[in-house]
Amino acid sequence: MVDLNRKYDVLVIGGGNAALCAAISARRLGASVLVLEGAPKFYRGGNTRHTRNMRCAHDTATEILTGPYTEEEFWEDLLRVTGGQTDEELARHMIRESKDILNWIVEQGVRWQPSLGGTLSLGRTNSFFLGGGRAMLNALYRTAEQLGVDILYDAEVKELEIADGMFLSASFKQNGSHVAAHASALVAAAGGFESNIEWLKQYWGEAADNFLIRGTPYNRGSVLKMLLDKGVQETGDPTQCHAVAIDARAPKFDGGIITRHDSVVFGIVVNKHAQRFYDEGEDIWPKRYAIWGRLVAAQPDQIAYIIFDSTVVTKFMPTLFPPIAGGTVAELAGELELDPTALERTVTEFNAAVRPGTFDHTILDDCRTEGITPAKTHWARKIETPPYLAYPVRPGITFTYLATRVNNEARMLMKDGRPSANMFAAGEIMAGNVLGKGYAAGMGMTIGSVFGRIAGREAARAARN
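In terms of the numbering used here, the sequence shown opens at residue 1 and continues consecutively.
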């Protein structure tokens, strides 16, 4: 039974990977810990429920990884996807710490499986959770409970009491009434604001009405907003986010991983005017898949269509929804409610521009186009074997990059530059420190685990002092 009359050492707001890593880390140092999860128990865990893997640096091959992934290579990958928009000191700190996470997370009950092969190309860089994100999450909750961490569900925080950079208490709604929780230190791990459509519209305008939210409907950014309003320094671009192309037939919220399309590199992508608008073969898919949500968001009505033919239908992982088919390109256009003449012209021009090469989706191969804009620089093959197939896609927002500023201790910085006395942050609520833009597969879980562990450790120390 949770006793709210007591003062805890550490209060953790949130219920996903970052929150649980923080809670476990603090508890293992002897701190008393209360976790407030705003969602019901069945939906606990935020976006962690939908994850599959984590990207960590490691020096040698292991039982689950096919080869080394050095700190420097990790840094170069991060630099490439962010275009340099990252805090280098903090990012390199995260990468160094990630080397310990592979073993530490196992000590918390999480189990790995051999990395998947096929189109993902992640066997060397990313470790996959046995049973997926929900199994990983359940293991962390089980460990936290066994250690004596107190957990409340349906506990939506409504107000934070903060004085001169020091956390005092949190007021939250529980069973229809408002109650307070007091603690000597705070870890905020409550996610971004991707589920708050009105907040998204402040930066994206009416286009945000057409966005689909891949994960939890509970990440509305209320804790993030409270912290920024109470004097915590912000970082990150509010228009930047982890956004991928997901099936336009997916639900508004919580569609998860099974609505994401990995088929872009095997075909072409057109907008509602049946025109291509970006290089579908720019880079290896795990390093570029997360740009497609923003690309589609910039298209008319925030809709696009991945077009391919029957020769590649078994080359990528299937999704929840079947492709739409047509016996001819014109017939497919009719099914998609596109202009048949325009789509036929686009496909014909693309096919004419394809140059022969040796196709290999696991490397930057030599299959490319010439004399067409935009070019397809790799994996270009003619679309000419019926039936012709397509997936309609919309922007699928995973999490936003507006963040609380933190230092290497995961300690929040105030607007005047001072470190907070007792407030720490981990996970998506501070991911914008590392991710100025762009994304590489598994990086969100790395940020959550690394900074969750750090935040819990430092919060326990702050409480003790």
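Cβ atoms here follow ideal geometry from the backbone N, Cα and C, with glycine treated the same way.
Pop quiz: residue i and residue j are said to be a contact at Cβ under 8 Å. What is the actual Cβ separation, rounded to whole angstroms?
i      : j      : result
Lys281 : His378 : Sequence inspection shows Gly at residue 281; the Lys mentioned does not correspond to that position. That pair is a contact at about 4 Å.
Ala18  : Ala426 : 4 Å
Arg394 : Val296 : 6 Å
Ile454 : Val434 : With 8 Å as the limit, Ile454 and Val434 do not qualify as a contact, their Cβ atoms being about 13 Å apart.
Leu389 : Val313 : 6 Å
Val2   : Ala31  : With a Cβ gap of about 16 Å, Val2 and Ala31 do not count as contacting.
Trp204 : Val244 : The Cβ separation is near 16 Å, so there is no contact.
Gly432 : Thr235 : 5 Å
Gly231 : Gly133 : That belief does not hold up - the Cβ atoms of Gly231 and Gly133 are roughly 34 Å apart, past 8 Å.
Met94  : Val450 : 5 Å
Arg457 : Ala57  : Actually they do not touch by this definition, with Cβ atoms about 20 Å apart.
Would you mind reading off the limits of the alpha helix (DSSP H) that contains residue i?
i      : result
Asn351 : Pro340 to Ala353
Ala330 : Val329 to Leu336
Val223 : Ser222 to Asp229
Glu198 : Ile197 to Trp204
Taking C-beta to C-beta, are residue i and residue j nearer than 9 Å?
i      : j      : result
Arg55  : Phe74  : yes
Asp247 : Leu200 : no
Arg214 : Ala189 : no
Pro374 : Asp283 : no
Asp262 : Ile383 : no
Asn465 : Leu186 : no
Glu71  : Arg96  : yes
Pro114 : Ile64  : yes
Phe399 : Asn219 : yes
Gly503 : Ala333 : Outside the shown range of the chain (1 to 465) lies residue 503, about which nothing can therefore be said.
Ser420 : Phe167 : yes
His361 : Phe266 : yes
Leu36  : Val12  : yes
Ala23  : Val149 : yes
Val269 : Ile306 : yes
Ala274 : Asp339 : yes
Gly192 : Leu402 : yes
Arg260 : Gly396 : yes
Met445 : Gln233 : no
Pull the bridge partners of residue i from the DSSP assignment, please.
i      : result
Glu471 : No statement about residue 471 is possible, as the shown extent of the chain runs from 1 to 465 and does not include it.
Pro467 : Since the displayed the chain opens at 1 and closes at 465, residue 467 lies outside it and no answer follows.
Pro392 : Tyr305
Phe253 : Ile213
Trp112 : Phe129
Thr369 : Val354
Arg260 : Ile246
Phe193 : None, per the DSSP bridge assignment.
Phe399 : His242
Phe451 : Partner(s): none; Phe451 has no beta bridge.
Which residues bound the beta strand (DSSP E) around residue i?
i      : result
Lys437 : That residue, Lys437, is in no beta strand (DSSP E); it is neither H nor E in DSSP.
Asp9   : Lys7 to Ile13
Asp247 : Cys241 to Asp247
Leu413 : Arg411 to Leu413
Ile324 : Ile324 to Gly326
- Every unbroken beta strand (DSSP E) inside the segment 121-191 [3 residues or more]: 126-129, 150-152, 156-163, 166-174 and 177-188
- Message: To test your reading of the DSSP string, which unbroken alpha helix (DSSP H) runs of 4 or more residues are found completely within the segment 27-91?
- Response: 71-82
- Message: Suppose only complete runs of 3+ residues qualify. What are the beta strand (DSSP E) ranges in the segment 268-319, listed by chain order?
- Response: 268-271 and 304-309
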